[in-house]
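Chains as they are written, first to last, in UniProt numbering: chain A, 1 to 198; chain B, 1 to 170.
Every residue, glycine too, gets a C-beta built ideally from N, C-alpha and C.
Predicted model, so just to flag it, every value in this text is computed and none were measured.
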Amino acid sequence: MSGETRGPDAASAGEEYAGLGDWTPEALGLPGEVRPVVSAPHPALSRAGAAVDPTSAETVRLAADLIATMRVSPGCVGLAAPQVGVGAQVFAVEVTGHPKAVTVHGTFVLCNARVVEATRWKAGREGCMSVPDLTGDVKRASRLVVAGKLPGTGAPVRLVTDGFEARALQHEIDHCSGLLFLDRVAGAHAVYQRKVYL
Amino acid sequence: MNELAITVIGRDRPGIVADVAEVLARLGANLTDSTMTRLRGHFAMTLICVGPAAAEVEAALAPLAADGQLLATVRAVTPDGGAATGGEPYVMAVHGADRMGIVAAMTRVVTGVGGNVTDLSTRLAGSLYVVVAEVDLPPGTADELAGRLDRAAADLGVEVSLRPADPDLL
Numbered sequence: 001m002s003g004e005t006r007g008p009d010a011a012s013a014g015e016e017y018a019g020l021g022d023w024t025p026e027a028l029g030l031p032g033e034v035r036p037v038v039s040a041p042h043p044a045l046s047r048a049g050a051a052v053d054p055t056s057a058e059t060v061r062l063a064a065d066l067i068a069t070m071r072v073s074p075g076c077v078g079l080a081a082p083q084v085g086v087g088a089q090v091f092a093v094e095v096t097g098h099p100k101a102v103t104v105h106g107t108f109v110l111c112n113a114r115v116v117e118a119t120r121w122k123a124g125r126e127g128c129m130s131v132p133d134l135t136g137d138v139k140r141a142s143r144l145v146v147a148g149k150l151p152g153t154g155a156p157v158r159l160v161t162d163g164f165e166a167r168a169l170q171h172e173i174d175h176c177s178g179l180l181f182l183d184r185v186a187g188a189h190a191v192y193q194r195k196v197y198l
Numbered sequence: 001m002n003e004l005a006i007t008v009i010g011r012d013r014p015g016i017v018a019d020v021a022e023v024l025a026r027l028g029a030n031l032t033d034s035t036m037t038r039l040r041g042h043f044a045m046t047l048i049c050v051g052p053a054a055a056e057v058e059a060a061l062a063p064l065a066a067d068g069q070l071l072a073t074v075r076a077v078t079p080d081g082g083a084a085t086g087g088e089p090y091v092m093a094v095h096g097a098d099r100m101g102i103v104a105a106m107t108r109v110v111t112g113v114g115g116n117v118t119d120l121s122t123r124l125a126g127s128l129y130v131v132v133a134e135v136d137l138p139p140g141t142a143d144e145l146a147g148r149l150d151r152a153a154a155d156l157g158v159e160v161s162l163r164p165a166d167p168d169l170l
């Protein structure tokens, strides 16, 4: 995948962090296994994940498993380690083809990710595999800069994204901090019963 | 004119809102603030209107409840709504395993700092219980309340967050 189709990154701006480059899930060298996804009120979802060594075999396996689990889950655009019961700051995102996505970086996994810049806050509806029966209105930054490390190489990454992918990243980073979208809903009438999952 | 508080609760079916509103319109009662929702499938409507005496409205609504599926109550209230509290608006979200007393315990903590619940909804989804409350807090009490809510939530084994309500207006 070319740098251009993977969205803008900050490498051109002379940052020490680069974009995803030509990273693909194949770089992990593992097929990944599907793990069971836990639902709230599971305690793993409410605990902040620990920082990980992105180069460890354990992290690489977790990254591959998150991708495998995300891919077999209909409508899933992101999955964080706490959702498979692991208290680690690792998550996978894949918004390619989503009708609301603008900038798209393909399938990727980030370790120890944090939000560097968040601007242009907008409300939007979110769901979560770990809260299967509810959705909620949450305000998120629609312009986002995130820094993290790639699993395997441990290469530092700085992603600049927007819209739906930015929302997905914030949702997953929240998971790694022990937060659900329910912790950020806009008001008493901003939680809805989900009618269909997708 | 009288200000009346009316509740209509019972088995849902198409046409309840229209039936109630028609009765009120016929009596010249002016619907002001109202809210209606379904709570676990049950019809639930609460409204304030300005109109004739409570007894007259209650009698007019009685046929709606004649089959025993709906309960309608009418009560005269003092017109004092709309007074601003001057508080700071916050949103409290609570979620965790369903158990007895979550709403009671958490709203009591809010009351403890002089806070007022202005809107509230709860949902039970499987074993997950979710409470979202909009609260007005006396200025400067939010940090104290957040600490107290954390302790109460820990006792209950649930999660709580307290955030300023979004002030953005379109």
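Proline 36/A counts as exposed, since fewer than 16 other C-beta atoms from the protein chains shown sit within 10 angstroms of its C-beta. C-alpha of leucine 149/B to C-alpha of valine 109/B: approximately 7 Å in a straight line. For leucine 120/B, the C-beta contacts it makes with chain A under 9 Å involve Ala188, in order along the chain. Interface residue (Cβ-Cβ distance to chain B less than 7 Å): valine 145/A is not classified as such. Among the residues of chain A, those whose CB is under 9 Å from the CB of glycine 96/B are Ala40, Pro41 and Ser46, following chain order. According to DSSP, asparagine 2/B shares a beta bridge with Gly51/B.
In chain order, Arg194 place their CB closer than 6 Å to the CB of aspartate 133/A, counting only its own chain and leaving out the 5 sequence neighbours on each side.
Judged by DSSP in its simplified three-state form, alanine 190/A adopts coil rather than helix or strand. Using beta-carbon distances, arginine 123/B counts as an interface residue toward chain A, with a partner under 7 Å. Going by DSSP, histidine 171/A is part of the alpha helix (DSSP H) stretching over 163 to 176.
For valine 132/B, the enclosing beta strand (DSSP E) stretches over residues 128 to 137. Distance check between alanine 63/A and each of Val86/A, Val115/A and His189/A places Val86/A closest, using alpha-carbon atoms only. Within chain B, no residue has its beta carbon less than 8 Å from that of aspartate 22/A; the closest one is some 39 Å off.
The C-alpha of arginine 140/A lies about 31 Å from the C-alpha of aspartate 33/B. Below the 9 Å Cβ cutoff, chain A contributes no neighbours of aspartate 155/B, its closest Cβ being approximately 15 Å away.
Beta-bridge annotation (DSSP): tryptophan 121/A is paired with Ala141/A. Per DSSP, the continuous alpha helix (DSSP H) segment holding glutamate 58/A begins and ends at 57 to 71.
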